[in-house]
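Residue numbering for the sequence shown follows this note's numbering, starting at 2 and increasing by one per position. Glycine included, each C-beta is placed from N, C-alpha and C at the ideal position. Since the model is a prediction, treat every value here as computed from it, not as a measurement. First comes the structure, then the notes that go with it.
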Amino acid sequence: SFVASGDQGGVVRVWSCTNPNHILKKEMQLLPGPVLDVDWDKDSKRIIVGGDGGKSAHAKCVMAETGSTLGEITGNTKPVQAVAYRPTKPF
């Protein structure tokens, strides 16, 4: 079981809730500005992040284990305030 958090610097951290020896599992720089919202997919394998992407994408989807980018949500001209992962395809 994991928890994800985002900060003002655009960093997303994945924390373990069950292992006291390895609390911080992954740290990823995903946005140049603040992370405003984070959501998990139903299998807890993917994370979608919304926030201030500056001149780039304001939202991204990544693999929680590796941080590999699966896609970016583009077209927004202002920061993405909230994200939600659709539980069925298409995501």
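Unbroken beta strand (DSSP E) stretches of 3 residues or longer found wholly inside the segment 23-85: 25-30, 36-41, 47-52, 60-64 and 70-74, given in chain order. As the crow flies, the alpha-carbon of Asp-40 is around 25 Å from that of Asn-22. Within the same chain, and ignoring the five residues on either side of Asn-77 in sequence, the residues whose Cβ sits closer than 7 Å to its Cβ are His-59. For Arg-14, the secondary structure class from DSSP, reduced to helix, strand or coil, is strand. Met-64 places its beta carbon less than 8 Å from that of Arg-47.
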